[in-house]
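Before any comments, here is the structure.
There are 2 protein chains.
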Amino acid sequence: MNIVGIISEYNPFHNGHLHQITEIKKLFKNNIKVICLLSSDFVQRGEPALLDKYARAQMAISNGADMVLEYPTLFCCASAESYADNAVYILNNIGIIDYISYGFKSSDNDNVKKISSLLAYESNEYKEILKAELSKGLSFPKARQHALIKLLNKSDTDIYKLSETLKSSNDILAIEYEKALIRQKSDILTVPIERTGSDYNDPYMKENFSSATAIRKYLLSEKVINNKDLADNLPPSTLKILEDYSEVKHFGSMYLFENLIFYSVISKSNDELKKYPLVNEGIENLLKNNVFSCSSVNDFINTCVNKRYPATRIQRLLIHILLGMNKGITYKYKRPGYIRVLACRNKSLLSLISSKSSLPVITSLKKSYDDFDSDLKTLIEFENKACDIYNIVCLKDKSQYLNEFSVKPMFD
Amino acid sequence: MNIVGIISEYNPFHNGHLHQITEIKKLFKNNIKVICLLSSDFVQRGEPALLDKYARAQMAISNGADMVLEYPTLFCCASAESYADNAVYILNNIGIIDYISYGFKSSDNDNVKKISSLLAYESNEYKEILKAELSKGLSFPKARQHALIKLLNKSDTDIYKLSETLKSSNDILAIEYEKALIRQKSDILTVPIERTGSDYNDPYMKENFSSATAIRKYLLSEKVINNKDLADNLPPSTLKILEDYSEVKHFGSMYLFENLIFYSVISKSNDELKKYPLVNEGIENLLKNNVFSCSSVNDFINTCVNKRYPATRIQRLLIHILLGMNKGITYKYKRPGYIRVLACRNKSLLSLISSKSSLPVITSLKKSYDDFDSDLKTLIEFENKACDIYNIVCLKDKSQYLNEFSVKPMFD
């Protein structure tokens, strides 16, 4: 029996995600269990998830996952590098993962391996080229892209394919997963599955394999779930969950959190803003000046963008401010301290993970919280606060709120 | 030439307010100037004003006021006692006020005088009775009411009338004004004007003299301005201002600020909540527990109410938390440090106040800010922040935002 881990957001779960799980099962002739590590209510790029973590966990279980673990907000709402690094750390430390499967887009997965081993232990030559590129005022991802092309240009690498790899959001994550596995000296092997259809940032709806970005955009603007466009792109179980969910909660979006985001910037002094991880080089002045001249939160983000600060960085920084994710907590807690099971349909898998994991495994949050030391308590309190903020805004009837301690994982 | 001060909210300016100004002018045979001290964007009872301070200042000027001064949020959003005390302090210190006019409701204004002189210098007997009443678990206003009735019962006071006086919101403020004048040893005399129509908390619309509470309720639910009910209760200029204003901003209400209020409680730890002035005796636990079981902010306030914490106190406390009005700033700044002119239609009055006031008079906020010391700068920064929070939520198009420094007072 093999166990495959998937690092996921399922925001929402679509045909592309189903394709990945189906392909893995085919590859291992069904002799496999799938464990998904799922981002919590605020996701990597720094925005509220479309649906809460429980609804997305249910989507995964309905489509072939055997277990879903929570990737806490404090760690998943971070740069691609840090996101991948801590995700690999968790999958490494639960002690039962044989493979990590990721989607990739470029026609040549060799590039992913080549780049990741180069980045895992940065050579002096690479560091120097990178430094020179950064000094031109480029953003870190851009500078890294240029440095890698310059470096690999000397080898027999196909530079066109290399550029494509470095431009694809999926492949950037793939590189980060491979890199993290090398750095953490992990025994876990990887199972790259080629993506069908759109890259995950593609904003346009396609016939069958639209990106999650396109599907979110569609859902947030159309607000109709029962239609052909969505039915062609989402498994039936996802559609059903979306329908039920939309009775109870608004879909999460930056727009829905707009006033809160503006408020959380306005209500803080420049000195208070500087307590947040990505706020430096005078970006706090930019935030305070621009917050008042913008008609929307997207407008706000765009006016703050410059070469050094791409939109995703600004957006993530705003979510950090919203959630109180300041330097105090992020610098103190570099690694996740526990694993919480959000859903599981296999009791033996639950016993296995509980016996093998080097991190404490949570099935009853309240019970674990009471047993934990103050550091782990702090981590749980932060996660609960983030989810509370998410829920109080998304709930259509606030009195329907459920305390995180009261939500039980789904055990089929 | 006499100068009369009116401590006001004009939330919004209605026929009752016009009646007061008209009566004063009659009384002084028009040989008079009227200066209104107007609450800023968050008012005494702890809620966002229906319209911003500039629109309400314009209403006052359109209806006979000669000058409108700002009563800063930090001081006006406070208990009736503190509200009256600092308002009298300002009017006392601008050095040109001969009279303060207030509305009263009870048929016997003598009671107001009698009670206020009793409260200005509390006798030991009074203190003991009050203490006994408080120990029964009564709220402060209730305990005070009981103590005063017990004390004055011994004299020849008409106890029925006394109870009526102590029950009327208007008369409670009247008592506080008189008390503050005594305590501050002020030479200012008072001009009580009997209120026509409703007491100011009366929630129902009347034919001509509805309360501001009833008018706000009507405007917030009906959202139609051009109708007979309102036309019967508001001067035509108020109607016009309401119409123009509603094109640009939403009317302020607790409902409009609901998510922000919930967020500002949820995002703070119990220890952070305890940094706020009225948060003690475990009320922080009550807030944190109840915020999650309520369908609305009004529901939230009501679930937190107990004998010791009436709704107004809870509501004010929530606004303090929303605005970051913590013990740090409220304990440090006990008195307003400047006077800002919001509107004026009389240049000689402006010269007079500038020459006589013992507090610096602001006509250009930016200029004064640059000249001020760090304490006064802090006060202005706090006021600006409160208005920014108000405006960013109320503005229909956030890009229409105007920095407080850019808003010029209206000089006709």
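Residue numbers (the numbering used here), protein chains in the order written: chain L, 18 to 429; chain U, 18 to 429. We put the beta carbon where it would ideally sit given N, CA and C, even for glycine.
Taking the straight line between their C-alpha atoms, what separation do you get for LEU155 (chain U) and SER180 (chain U)? Taking the second sequence and counting its residues from 1, one reaches residue 155 (chain U) at position 138. Taking the second sequence and counting its residues from 1, one reaches residue 180 (chain U) at position 163. Cα to Cα, LEU155 (chain U) sits roughly 16 Å from SER180 (chain U).
How should TYR235 (chain U) be labelled, buried or exposed, when 16 other C-beta atoms within 10 angstroms of its C-beta is the threshold for buried? Position 218 of the second sequence, counting from 1, holds the residue named residue 235 (chain U). Buried.
Just checking my contact of LEU396 (chain L) with GLY354 (chain L) at CB under 8 Å: how many whole Å lie between their CB atoms? By 1-based counting over the first sequence, the position of residue 396 (chain L) is 379. By 1-based counting over the first sequence, the position of residue 354 (chain L) is 337. Confirmed, Cβ separation roughly 5 Å.
Tell me, please, whether the CB atom of VAL410 (chain L) is closer than 8 Å to any CB atom in chain U? Along the first sequence, one-based indexing puts residue 410 (chain L) at 393. For VAL410 (chain L), the answer is yes, since a Cβ of chain U falls inside 8 Å of its Cβ.
Under 7 Å between beta-carbons, which chain U residues line up against GLY341 (chain L)? List them in chain order, please. Here residue 341 (chain L) corresponds to residue number 324 of the first sequence, with the count starting at 1. Going along chain U in sequence order, the residues near GLY341 (chain L) (Cβ under 7 Å) are SER284.
Where do the N-terminal and C-terminal ends of the beta strand (DSSP E) with MET84 (chain L) fall, by residue? The residue labelled residue 84 (chain L) in the question sits at position 67 within the first sequence. 84-88 is the extent of the beta strand (DSSP E) around MET84 (chain L).
Presumed contact (8 Å Cβ cut-off) between ILE188 (chain L) and VAL129 (chain L), rounded CB distance: Numbered from its first residue, the first sequence carries residue 188 (chain L) at position 171. Numbered from its first residue, the first sequence carries residue 129 (chain L) at position 112. According to the sequence as given, residue 188 (chain L) is Asp; it is not Ile. Confirmed, about 6 Å.
Is it true that the region 406-426 of chain L meets the region 374-389 of chain L, where meeting means three or more beta-carbon pairs spaced less than 8 Å apart? The answer is yes - the region 374-389 of chain L touches the region 406-426 of chain L, with three or more Cβ pairs under 8 Å.
From the DSSP output, which residues share a beta bridge with SER25 (chain U)? Within the second sequence, numbered from 1, the residue matching residue 25 (chain U) stands at position 8. SER25 (chain U) is bridged by DSSP to U:LEU55.
Starting from the C-beta of GLN201 (chain L), find all residues in its chain whose C-beta is less than 7 Å away, skip the five residues before and the five after it, and write them out in chain order. Translated into the one-based positions of the first sequence, residue 201 (chain L) becomes position 184. Closer than 7 Å at Cβ, skipping near neighbours: VAL105, TYR106, ASN109.
Checking contacts by CB at 8 Å: is SER312 (chain L) closer than that to chain U? Looking up residue 312 (chain L) in the first sequence gives position 295. Closer than 8 Å to some Cβ of chain U, the Cβ of SER312 (chain L) qualifies, so yes.
From the DSSP output, in three-state form, read off CYS321 (chain U) for me. Here residue 321 (chain U) refers to the residue found at position 304 when the second sequence is read from its first residue. In this structure, DSSP gives CYS321 (chain U) a helical state, which the three-state scheme calls helix.
Report the neighbours of SER416 (chain L) on chain U: residues whose CB is nearer than 7 Å to its CB, in chain order. On the first sequence, residue 416 (chain L) is found 399 positions in, with the first residue counted as 1. Those within 7 Å of SER416 (chain L) in chain U are SER310, CYS311, SER312.
How many Å lie between SER134 (chain L) and ALA74 (chain L) at the Cα? Within the first sequence, the letter at position 117 stands for residue 134 (chain L). Within the first sequence, the letter at position 57 stands for residue 74 (chain L). For SER134 (chain L) and ALA74 (chain L), the gap between their C-alpha atoms comes out near 32 Å.
Using 10 angstroms around the beta-carbon of PRO220 (chain L), count the other beta-carbons present and answer buried if the total reaches 16, otherwise exposed. Taking the first sequence and counting its residues from 1, one reaches residue 220 (chain L) at position 203. By the neighbour-count criterion, in which a residue is buried when 16 or more other Cβ atoms sit within 10 angstroms of its Cβ, PRO220 (chain L) is exposed.
How would you call GLN444 (chain L), buried or exposed, if buried means at least 16 neighbouring beta carbons within 10 angstroms? This structure gives no information on residue 444 (chain L), because the portion of chain L shown stretches from 18 to 429.
Report buried or exposed for SER152 (chain L), applying the criterion of at least 16 other Cβ atoms within 10 angstroms of its Cβ. The residue labelled residue 152 (chain L) in the question sits at position 135 within the first sequence. The residue in question, SER152 (chain L), is exposed, as its Cβ has fewer than 16 Cβ neighbours within 10 Å.
Please compile the residues from chain U whose C-beta is within a distance smaller than 8 Å of the C-beta of LYS402 (chain L). The residue you call residue 402 (chain L) lines up with position 385 of the first sequence. Among the residues of chain U, those whose CB is under 8 Å from the CB of LYS402 (chain L) are ILE283, SER284, following chain order.
Contact between the region 388-405 of chain L and the region 42-57 of chain U: three or more CB pairs below 8 Å? The region 42-57 of chain U and the region 388-405 of chain L do not touch, with fewer than three beta-carbon pairs separated by less than 8 Å.
Between the region 381-405 of chain L and chain U, which residues of the former have a C-beta closer than 9 Å to a C-beta of the latter? Of all residues in the region 381-405 of chain L, GLU398, LYS402, ASP405 have a Cβ within less than 9 Å of some Cβ in chain U.
Go ahead and pull the three-state DSSP assignment for ASN19 (chain U). As a working mapping, residue 19 (chain U) is identified with position 2 in the second sequence. For ASN19 (chain U), the secondary structure class from DSSP, reduced to helix, strand or coil, is strand.
Of the residues that make up the region 293-306 of chain U, which ones have a beta carbon closer than 7 Å to any beta carbon in chain L? Within the region 293-306 of chain U, no residue qualifies.
Would you tell me roughly how many angstroms separate the C-alpha atoms of LYS148 (chain L) and ILE24 (chain L), rounded to the nearest one? As a first step, residue 148 (chain L) must be located in the first sequence, where it is residue number 131. As a first step, residue 24 (chain L) must be located in the first sequence, where it is residue number 7. Straight-line spacing of the CA atoms in LYS148 (chain L) and ILE24 (chain L) works out to 31 Å.
Here's the rule I'm using: 16 or more other beta-carbon atoms within 10 Å means buried, otherwise exposed. How should ASN244 (chain U) be labelled? As a position in the second sequence, residue 244 (chain U) is number 227, starting the count at 1. ASN244 (chain U) is exposed by the Cβ-count criterion.
Contained alpha helix (DSSP H) runs [length at least 4] in the region 263-295 of chain L, N- to C-terminal order: Listed in chain order, the complete alpha helix (DSSP H) runs (minimum 4 residues) inside the region 263-295 of chain L are 275-283, 287-290.
To the nearest whole angstrom, what separates the beta carbons of SER118 (chain L) and GLN37 (chain L), a pair I think is in contact under 8 Å? Working through the first sequence from its first residue, we reach residue 118 (chain L) at position 101. Working through the first sequence from its first residue, we reach residue 37 (chain L) at position 20. Contact between SER118 (chain L) and GLN37 (chain L) holds: CB atoms are separated by about 7 Å, below the 8 Å threshold.
Grab me the residues of ILE336 (chain U)'s own chain with a C-beta within less than 7 Å of its C-beta, minus the 5 sequence neighbours each way, in chain order. Against the second sequence, residue 336 (chain U) aligns to sequence position 319. Correct list, in chain order: PHE59, GLY63, GLU64, CYS94.
Do we get a CB-CB distance below 8 Å when we pair ASN276 (chain L) with the residues of chain U? Against the first sequence, residue 276 (chain L) aligns to sequence position 259. So yes, ASN276 (chain L) belongs to the interface.
Does any C-beta atom of chain U lie closer than 8 Å to the C-beta of PHE279 (chain L)? The residue you call residue 279 (chain L) lines up with position 262 of the first sequence. At least one CB atom of chain U sits nearer than 8 Å to the CB of PHE279 (chain L).
What residue ranges within the region 57-121 of chain U form continuous alpha helix (DSSP H) runs of no fewer than 4 residues, ordered along the chain? Qualifying alpha helix (DSSP H) stretches, in chain order: 70-79, 90-93, 97-110.
Within 8 Å (strictly less), CB to CB, does ASN420 (chain L) reach chain U? Along the first sequence, read from residue 1 onward, the residue named residue 420 (chain L) stands at position 403. Yes, its Cβ sits closer than 8 Å to a Cβ of chain U.
So THR207 (chain U) packs on TYR116 (chain U), CB below 8 Å; how close in whole Å? The sequence position of residue 207 (chain U) within the second sequence is 190, counting from 1. The sequence position of residue 116 (chain U) within the second sequence is 99, counting from 1. The pair is a contact, with the Cβ atoms about 7 Å apart (cut-off 8 Å).
Please tell me whether LYS413 (chain L) and VAL265 (chain L) are closer than 8 Å, where the distance is taken between their beta carbons. Position 396 of the first sequence, counted from the start, is the residue given in the question as residue 413 (chain L). Position 248 of the first sequence, counted from the start, is the residue given in the question as residue 265 (chain L). Cβ atoms of LYS413 (chain L) and VAL265 (chain L): closer than 8 Å.
Where the alpha helix (DSSP H) containing THR182 (chain L) begins and where it ends: In the first sequence, residue 182 (chain L) corresponds to position 165, counting from 1. That run of the alpha helix (DSSP H) goes 176-184.
Identity of the residue in U:VAL51, U:PRO158, U:GLY120 nearest SER96 (chain U) by Cα: Working through the second sequence from its first residue, we reach residue 96 (chain U) at position 79. The candidate whose alpha carbon is nearest that of SER96 (chain U) is U:PRO158.
Going by beta-carbon coordinates alone, are ILE346 (chain U) and SER374 (chain U) separated by less than 8 Å? Here residue 346 (chain U) is taken as the residue at index 329 of the second sequence, counted from 1. Here residue 374 (chain U) is taken as the residue at index 357 of the second sequence, counted from 1. Inclusion of ILE346 (chain U) and SER374 (chain U) in the CB contact set at 8 Å is not warranted, their separation being larger than that value.
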